[in-house]
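2 protein chains.
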Amino acid sequence: MLWVWYPTLMEIRRADLIADELEELVFAGEFQDGDRLDEVKLAAQFGVSRTPLREAFQRLIASGMAEQIPRRGVFVRQPGPVELMEMFETMAEIEGVCGRLAALRISDQAIEVLLEANKRCQQAIDHNDMDDYYRENEYFHHFIYKQSGNSFLEQEALRLHRRLKPFRRHQLRVRGRMAQSMAEHVAIVSALQAGDSEAATEALRGHVAIQGEKFHLLISSLKTSKG
Amino acid sequence: MLWVWYPTLMEIRRADLIADELEELVFAGEFQDGDRLDEVKLAAQFGVSRTPLREAFQRLIASGMAEQIPRRGVFVRQPGPVELMEMFETMAEIEGVCGRLAALRISDQAIEVLLEANKRCQQAIDHNDMDDYYRENEYFHHFIYKQSGNSFLEQEALRLHRRLKPFRRHQLRVRGRMAQSMAEHVAIVSALQAGDSEAATEALRGHVAIQGEKFHLLISSLKTSKG
DNA sequence: ATTGAGTTTCTTGTATACAAGATTGTTGAC
DNA sequence: GTCAACAATCTTGTATACAAGAAACTCAAT
Chain A
1 MLWVWYPTLM
11 EIRRADLIAD
21 ELEELVFAGE
31 FQDGDRLDEV
41 KLAAQFGVSR
51 TPLREAFQRL
61 IASGMAEQIP
71 RRGVFVRQPG
81 PVELMEMFET
91 MAEIEGVCGR
101 LAALRISDQA
111 IEVLLEANKR
121 CQQAIDHNDM
131 DDYYRENEYF
141 HHFIYKQSGN
151 SFLEQEALRL
161 HRRLKPFRRH
171 QLRVRGRMAQ
181 SMAEHVAIVS
191 ALQAGDSEAA
201 TEALRGHVAI
211 QGEKFHLLIS
221 SLKTSKG
Chain B
1001 MLWVWYPTLM
1011 EIRRADLIAD
1021 ELEELVFAGE
1031 FQDGDRLDEV
1041 KLAAQFGVSR
1051 TPLREAFQRL
1061 IASGMAEQIP
1071 RRGVFVRQPG
1081 PVELMEMFET
1091 MAEIEGVCGR
1101 LAALRISDQA
1111 IEVLLEANKR
1121 CQQAIDHNDM
1131 DDYYRENEYF
1141 HHFIYKQSGN
1151 SFLEQEALRL
1161 HRRLKPFRRH
1171 QLRVRGRMAQ
1181 SMAEHVAIVS
1191 ALQAGDSEAA
1201 TEALRGHVAI
1211 QGEKFHLLIS
1221 SLKTSKG
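This is the structure:
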C-alpha cells in the first residue's frame, strides 16, 4: 500500500528543538569551558522534563561540543586556542580538497554562478555592508563545496564550516580584510575556471588558513564572545 | 576541596554499551538500508527499557548511520555504492592531507617507528597472515594521522577510517593487493622522510583511493556482507 | 584546624506511565 | 471490488517514579 508523506513540520520533537537551542547557546558563548549542563535547571528553563534534554545532550556530545562523564554529568567543551587553530587548519585543508576536486569537475555554468556571487560580494564591499558580504561569502564557499561533486565531502565541509562560524564572525572587522578576501575569491575562481587543481587547492587553503593565523585575534574573540 | 577520580569503568551507562553494540550490528550488515530500529523489540533483546535505547539511537543518528523521522521512527542508513565511493574519495583526500602535514612536521624518531611498522607489515606478508597485515596496516595509518601534528584532524581521520572499516575488510583478499599495498607504504615513508609534502599527499591519496576504485568489488562486498 | 567515617542530599541513569500522532483494520456506501 | 470515514491498535515522544552512585555535610577524634 502507498501513502503520502507531507514534509510539513519536520521538527515536532522538543528534543531536537532543544538541541538546536543548546547549540546556539554554546556557540554564543553562554557557557564556559567545563560548565556542567544541569539537567534539572535546563529542564525548568525550557519547560520540559529531563527526558528530551538528555536526548538533546547526546547530539551535543556527538558533535564534540560537550563531553559526558558517566554518573557525573555533561560538560560543555569550548575549544581552546590550540584546538581552534587545529580546527581552522583542518577547515583550510578540507576547503583545499574541495577546490581540487571542483577544479577537476566544475561546469562552465557553475563558474558563471561563482562569478555572479563574486559580483555580489564586490557590491557588498562597495556598500561597506559587512553582513551582506558575510552572507555572500558563505554562499560562495558552500557552492564550491558542492562543486567538489562529492556530497559526502560537501556535508563534512558544511559541518566544520558551521562549527567554526562563531569564531569567524568577527574576522571581517580586520582592516582591509574584506578587500583582501575579495581578491582571493577572484583568484580562486580563476583557478577553477582554468581547471588548475593545484592552484585552486592553494588558493582556497590560503584563503581559509589566513583566518586561523591571527592567534591573538582568535584569543581575544574567545574572551570577548561572552559579552 | 579535592578528590580523586578513578578512571576505572568508564562505561557504566547501558546506553553507551548499547550504542556500541548497535553500531557493530549495523557495521556487520545485520540491518538492511531503511530497516526500522524497533524500540520495543530491541529493548527486549537487550533486556533494558526504551530509555537507554533512545539515547543510543541519537549516537547512531549523529554519526549518519541512522536517520530519524519524527513520529515515525529511526531507520538505518546503509551507504549505497555512490555514497561509498564518495566516502572512500573523502578518506583518500583526508589521508593525503595528513600526509602533507606529516611530511612538514614528522620527526626522525617517528620515521623510525614507521619503518618498524613496515617491517612488521612485510613479515605479515611473508607469513601470508592477512589479519596481522590488516592490524599493522591500521597502525601505520593511524600513526600517520597523528604525525599530522593536528589532533583535531587526527580525530576526524580516525572517525572516517572507523566508519569505512567494514567496507575495507575484504579488500586485501584481492590477488596481490597486500604486496602492492606494501610497496605503496614504502613510497609513503620515503616521501615523509624526504619531507616531500607533494609526494606524500599523492602517495597516500593513491594508496587509499585504489580501494574505492574497485566498484564491482565494493558492490559485491555490500551484497555479501550480510551472509 | 584537620582528618575521616558515617550520614544526608543531590544528580544521574533507567524503568514505567501516559498522551498524542501514525498505522491498520473494519464497515458501509457506491 | 474501490473508496472513505471511523474505530482500534501500535509506536513514538514526553513526563514521572524510582534506584544507585557521587558530592556535600556532620561531627567526633586527634
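Protein sequence lines, in the order shown, are assigned to chains A and B.
Numbering-wise, the working numbering puts 201 at position 201 of the first sequence, and it's gapless, one number per residue.
Numbering-wise, the working numbering puts 1186 at position 186 of the second sequence, and it's gapless, one number per residue.
Just so it is clear, CB atoms sit at the ideal spot from N, CA and C, and this is done for glycine as well.
Since the model is a prediction, treat every value here as computed from it, not as a measurement.
- Of all C-beta pairs linking the stretch 93-107 of chain A to the stretch 188-208 of chain A, three or more are shorter than 8 Å, placing the two stretches in contact.
- Going by C-alpha positions, F152 of chain A is about 15 Å away from I1061 of chain B.
- In terms of beta-carbon proximity, E1055 of chain B lines the interface with chain A, with at least one pair separated by less than 8 Å.
- For I1069 of chain B, there is no enclosing alpha helix (DSSP H); the enclosing beta strand (DSSP E) covers residues 1066-1069.
- Residue contact with chain B for F152 of chain A: present (Cβ-Cβ distance below 8 Å to some residue of chain B).
- Within chain A, the residues F152 have their CB atoms less than 8 Å from the CB of M1087 of chain B, given in chain order.
- For the 8 Å CB-CB criterion, M91 of chain A and V76 of chain A do not form a contact.
- The way I'd put it, the stretch 13-24 of chain A does touch the stretch 41-60 of chain A; three or more beta-carbon pairs between them come closer than 8 Å.
- Each residue's CA atom was taken as its position, placing Q1068 of chain B and E1083 of chain B some 19 Å apart.
- Under the 8 Å criterion on CB atoms, E83 of chain A is classed as interfacial with respect to chain B.
- The alpha-carbon separation between I1144 of chain B and A1102 of chain B amounts to approximately 7 Å.
- Rounded to the nearest angstrom, the gap between the Cα atoms of R36 of chain A and E11 of chain A is 26 Å.
- DSSP links F75 of chain A through a beta bridge to A:R36, A:E67.
- Distance from V189 of chain A to N118 of chain A at the Cβ level is roughly 6 Å; contact confirmed, criterion being Cβ atoms closer than 8 Å.
- Here the C-alpha atom of Q45 of chain A lies approximately 18 Å from the C-alpha atom of G73 of chain A.
- The three-state reading of DSSP puts E1089 of chain B in helix, counting H, G and I together.
- The beta carbons of F88 of chain A and Q211 of chain A sit closer together than 8 Å.
- Distances from the alpha-carbon of L1114 of chain B to those of B:N1150, B:I1125, B:A1028, B:A1187 put B:A1187 closest.
- Close CB contacts of G1047 of chain B within its chain, under the 6 Å cut and outside five residues either way in sequence, are absent.
- I12 of chain A reaches chain B at P1070, R1071, counting residues in chain order whose Cβ is nearer than 9 Å.
- Note on H185 of chain A: 16 or more other CB atoms within 10 angstroms of its CB, so buried under the neighbour-count rule.
- Taking M182 of chain A as the centre and dropping the five residues before and after it, the same chain places the C-beta of C121, Q122, I125 closer than 7 Å to its C-beta, in chain order.
- The contact set of R59 of chain A on chain B, defined by CB atoms closer than 7 Å, consists of Q1058, A1062 in chain order.
- The beta-carbon of E156 of chain A is placed less than 8 Å from the nearest beta-carbon of chain B.
- Within the same chain, A1102, I1106, A1110 come within 6 Å of Q1147 of chain B by CB-CB distance, once the 5 residues on both sides are set aside.
- Here N1150 of chain B is buried, its C-beta having at least 16 other C-beta atoms within 10 Å.
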